[in-house]
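Here the structure is laid out as structure tokens; the discussion comes afterwards.
Number of protein chains: 2
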Amino acid sequence: MNAPLVPPPGIASCPVPRRILMGPGPSDMPPRVVAALGHPAIGHLDPDFVRMMEEIKLLLRYAFQTNNALTFAVSGPGSVGMETCFVNLVEPGDKVIVCRNGVFGGRMIENVQRFGGTAVIVEDAWGEPVDPQKVAEALAAHPDARAVAFVHAETSTGAQSDAATLIGLARAKGALAIVDTVTSLGGTPVLADAWGADAIYSGSQKCLSCVPGLAPVTFSARAVERVKARKGKVPSWFMDLGLVLEYWSAPGGKRTYHHTAPVNSLFALHESLVMLKDEGLENAWARHRLHHEALKAGFETLGLQFVVREDARLPQLNAVHVPAGIDEAGVRKQLLEKFNLEIGAGLGPLAGKVWRFGLMGYSARRENVELCLRALADVLSGMGQAKDQRAALAAAESVYARPVR
Amino acid sequence: MNAPLVPPPGIASCPVPRRILMGPGPSDMPPRVVAALGHPAIGHLDPDFVRMMEEIKLLLRYAFQTNNALTFAVSGPGSVGMETCFVNLVEPGDKVIVCRNGVFGGRMIENVQRFGGTAVIVEDAWGEPVDPQKVAEALAAHPDARAVAFVHAETSTGAQSDAATLIGLARAKGALAIVDTVTSLGGTPVLADAWGADAIYSGSQKCLSCVPGLAPVTFSARAVERVKARKGKVPSWFMDLGLVLEYWSAPGGKRTYHHTAPVNSLFALHESLVMLKDEGLENAWARHRLHHEALKAGFETLGLQFVVREDARLPQLNAVHVPAGIDEAGVRKQLLEKFNLEIGAGLGPLAGKVWRFGLMGYSARRENVELCLRALADVLSGMGQAKDQRAALAAAESVYARPVR
Chain A
1 MNAPLVPPPG
11 IASCPVPRRI
21 LMGPGPSDMP
31 PRVVAALGHP
41 AIGHLDPDFV
51 RMMEEIKLLL
61 RYAFQTNNAL
71 TFAVSGPGSV
81 GMETCFVNLV
91 EPGDKVIVCR
101 NGVFGGRMIE
111 NVQRFGGTAV
121 IVEDAWGEPV
131 DPQKVAEALA
141 AHPDARAVAF
151 VHAETSTGAQ
161 SDAATLIGLA
171 RAKGALAIVD
181 TVTSLGGTPV
191 LADAWGADAI
201 YSGSQKCLSC
211 VPGLAPVTFS
221 ARAVERVKAR
231 KGKVPSWFMD
241 LGLVLEYWSA
251 PGGKRTYHHT
261 APVNSLFALH
271 ESLVMLKDEG
281 LENAWARHRL
291 HHEALKAGFE
301 TLGLQFVVRE
311 DARLPQLNAV
321 HVPAGIDEAG
331 VRKQLLEKFN
341 LEIGAGLGPL
351 AGKVWRFGLM
361 GYSARRENVE
371 LCLRALADVL
381 SGMGQAKDQR
391 AALAAAESVY
401 ARPVR
Chain B
406 MNAPLVPPPG
416 IASCPVPRRI
426 LMGPGPSDMP
436 PRVVAALGHP
446 AIGHLDPDFV
456 RMMEEIKLLL
466 RYAFQTNNAL
476 TFAVSGPGSV
486 GMETCFVNLV
496 EPGDKVIVCR
506 NGVFGGRMIE
516 NVQRFGGTAV
526 IVEDAWGEPV
536 DPQKVAEALA
546 AHPDARAVAF
556 VHAETSTGAQ
566 SDAATLIGLA
576 RAKGALAIVD
586 TVTSLGGTPV
596 LADAWGADAI
606 YSGSQKCLSC
616 VPGLAPVTFS
626 ARAVERVKAR
636 KGKVPSWFMD
646 LGLVLEYWSA
656 PGGKRTYHHT
666 APVNSLFALH
676 ESLVMLKDEG
686 LENAWARHRL
696 HHEALKAGFE
706 TLGLQFVVRE
716 DARLPQLNAV
726 HVPAGIDEAG
736 VRKQLLEKFN
746 LEIGAGLGPL
756 AGKVWRFGLM
766 GYSARRENVE
776 LCLRALADVL
786 SGMGQAKDQR
796 AALAAAESVY
806 ARPVR
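Going down the list, the protein sequences come from chains A and B.
Mapping of the first sequence onto this note's numbering: position 188 corresponds to residue 188, and the numbering continues sequentially without gaps.
Mapping of the second sequence onto this note's numbering: position 343 corresponds to residue 748, and the numbering continues sequentially without gaps.
Here is the structure:
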């Protein structure tokens, strides 16, 4: 048998550059996680792998601060985690209150509509947290709303919303609460049980500092009941929680074949969750806060203005306005080419107007903060806006020199 | 802020065992692919990564033997590749002829039904290829069928169906042809354009010998037109080809942010596709055939019977009946524990009755064939069925000693 088409010319193994990742994700992976990832695969039904899956469930419960039985990692990016929540919990005709204050609230609306629901949209400006007053009003105006959905940590702006309050409002009206914690899990407190959340999804490649491509999720008993009470089948085979449940089943139970798990990515997730557990959640949150404060001190010296007001600012996602007269994309290009440093651009209405600096997981460390300040001062100075690199570094230094509280 | 729940006790970094993977997938990864996987991540919008994505598209076109513009890797397991085909191409009310001769045809039926279509089921026994005569009859009885879907290489049985003939029947009636090549791509000829297929999906972890978690797909211009002509939105945000198109867009085009690509898995896929290109498709097919013949010669010496008749047998997936009186699961357990050798069990009606031996990608090599024969003879002999290990190895040896044709 012949293959009639010839191979494409001039393609060989790619030399992958080394980067320092300070964009909105993926973040740098610690060497231990990289090593775990690079172990030759074993079978997804191997007893050693099944044991690892059980441990991942326990470790994710700790990370999400929940006792929810249905806590696992969806075999796909965060967007598949989002879709897993909505495709299971939204039935045709359902009304869902969706809060939009950035890109990802908009994606939630798409999800609700594509699964036959009606989205009642609560709008806040990009860069603002979700306004609980508006949510309360929407719930009062729509007492038949079956769920409230919002983004805890808007990756597109760096704004953090008050999850406990928003979930409390939903629960008081008998609505489920669906929460996006893609950028918060492991970086700022995510307290699934204390909040009373019903469905939470996240991503592996942000503050967990794992490889991109996995979406940790957790569902409350109420959410599971809602899925079981559906009138029709879930309009997805892959994401149907009824089938996934049999796959990520209880220890000792017979595990049903569902799909071939991304075993290497799960090796890496296991390792990153062990590292998070060993550090301790409180310490991880404090570390993100510390490096954010150092970066902020340096940024202020450089005259950069944050997009988000201080009390709603995510330490792990720092969005700042591009100074007037500066070529936004040109700065990112120079940072990448001269310093191997990746930072993020703005999205939607913020495109071309802001930069986004991530301090997520393993990227949240002193050498990254210092490199970032040094490189940014250098590039801005080269563009004719003289910046005092030493002053920026000294400002960061003064934060690190503070006594530990 | 406190984390009220304590971490789970007794969990540490997992020592992952080394295995030789001769089950139905994942297959062994070559060291070059493992090395590519384990490179620290770079950003999914990094210019070097975007270049790699362009190369992956070209390399996949060669692997699929197609000039289809819309050829890329879905960021999820093969099941998500399947769902991407059906969720885009099936509209509510559509009639789809689905051929079922194993597990994966059954999954296709689920897909059609969950997206509001009606499945006209063409049944063949597990272990048989799809009967073209039955498909022709179904097409005659259902002239309004919008598509015909079948599995080229049934992983649950090891049967290969005649894709060219089945697709020809569909095309003659104006129906689209949707084909599962999860287990065939890279192992036996997949000739998308010569066949005239409209939608093909595959998996990364079989004959491509890449990490599990990616699903190569290709769509014909007719399929793209069908998607564009849909009355309603695709009932999935993540899998909507209209959005994915903008993401995996043409070189030079502006790439729209869609989701964070699983960059490390794509490093690995790039490397495995470069290796396939360098070997050449014809050589890869011949290699799978050679090692299958050696394994078969050994199996016959051991008195094992194949499930599938010779002319429909997949070289890369060898299903054999468990000899009478033998503890099926016990043999697999011993192979794993004594020899670190993973083989596959039967599924559905074949559960407990067959073993499945994969010779996929990097697993298709002489040392694996010899280990498998040695280990199986050893374990069966230990269970009281005396087997001549030397004769089995000599039979394989005689195949390797044949002059190259």
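For every residue, glycine included, the Cβ atom is placed at its ideal position computed from N, Cα and C.
Please read these numbers as outputs of a predicted model, since none were measured by experiment.
In the structure shown, T218/A falls within a strand segment according to DSSP collapsed to helix, strand and coil.
Under the 8 angstroms Cβ criterion, the segment 747-765 of chain B counts as touching the segment 420-433 of chain B, having at least three qualifying pairs.
In the three-state DSSP reduction, W642/B falls in the coil class, being neither helix nor strand.
For D451/B, there is no enclosing beta strand (DSSP E), as DSSP marks it with neither H nor E.
With the rule of 3 Cβ pairs closer than 8 angstroms, the segment 58-72 of chain A does not count as touching the segment 439-452 of chain B. Contact between the segment 294-311 of chain A and the segment 157-175 of chain A is present: three or more C-beta pairs spanning the two stretches fall below 8 angstroms. Residue-level contact by beta carbon holds for S480/B and chain A, with a gap shorter than 8 angstroms.
G203/A and M239/A have their C-alpha atoms some 16 angstroms from each other. A170/A and K95/A have their C-alpha atoms some 13 angstroms from each other. With fewer than 16 neighbouring CB atoms inside 10 Å of its own CB, S803/B falls in the exposed class. For chain B, none of the residues of the segment 352-373 of chain A brings a beta carbon within less than 9 angstroms of one of its beta carbons. For Y662/B, at least one C-beta of chain A is nearer than 8 angstroms to its own C-beta. Per DSSP, V508/B has no beta bridge partner at all. About 57 angstroms separates the CB atoms of P640/B and R390/A; that is not less than 8 angstroms, and the two are not in contact.
For E460/B, the residues of chain A that pass the 8 angstroms Cβ criterion are P8, I11 and C14, in the order they occur in the chain. A direct Cα-to-Cα measurement between E733/B and R456/B gives close to 48 angstroms.
Ranking G647/B, K636/B and T588/B by CA distance to the CA of L475/B puts G647/B first. Every alpha helix (DSSP H) stretch that sits fully inside the segment 725-791 of chain B and reaches 4 residues is listed by chain position as 733-744 and 771-787.
Within chain A, the residues placing a beta-carbon under 8 angstroms from that of P594/B are M1 and A3, ordered along the chain. In this structure, DSSP gives F306/A an extended state, which the three-state scheme calls strand. Under the three-state reduction of DSSP output, L37/A falls in the helix class. Under a 10 Å Cβ-count criterion, A689/B is classified as buried, with 16 or more other Cβ atoms of the shown protein chains found around its own Cβ. By the rule that beta-carbons nearer than 8 angstroms mark a contact, Q205/A touches chain B.
Inter-segment contact for the segment 266-278 of chain A and the segment 104-121 of chain A is absent: fewer than three beta-carbon pairs are separated by less than 8 angstroms.
Here E300/A is exposed, its C-beta having fewer than 16 other C-beta atoms within 10 Å.
Under the three-state reduction of DSSP, L314/A is assigned to coil, being neither helix nor strand. Comparing alpha-carbon positions, the option among E154/A, R32/A and N2/A lying closest to P594/B turns out to be N2/A. If you look at E271/A, you'll find it in the alpha helix (DSSP H) that goes V263 to E279. By the Cβ criterion, the segment 691-701 of chain B is not in contact with the segment 735-743 of chain B, since fewer than three pairs of Cβ atoms, one from each stretch, lie closer than 8 angstroms. For Y467/B, the chain A residues whose C-beta falls within less than 9 angstroms of its own C-beta are A3, L5, V6, P7 and P8, listed in chain order. For D598/B, the enclosing alpha helix (DSSP H) covers residues A597 to W600.
For the segment 575-615 of chain B, the full-length alpha helix (DSSP H) segments reaching 4 residues or more read 597-600 along the chain. Looking only at A377/A, R365/A, P129/A and G106/A, the smallest Cα-Cα distance to G303/A is reached by A377/A.
At least one beta carbon of chain A lies nearer than 8 angstroms to the beta carbon of M434/B. Residues of chain B whose Cβ lies closer than 8 angstroms to the Cβ of D388/A do not exist; the shortest such Cβ separation is about 29 angstroms. Interface annotation, V217/A: not in contact with chain B, CB-CB separation never under 8 angstroms.
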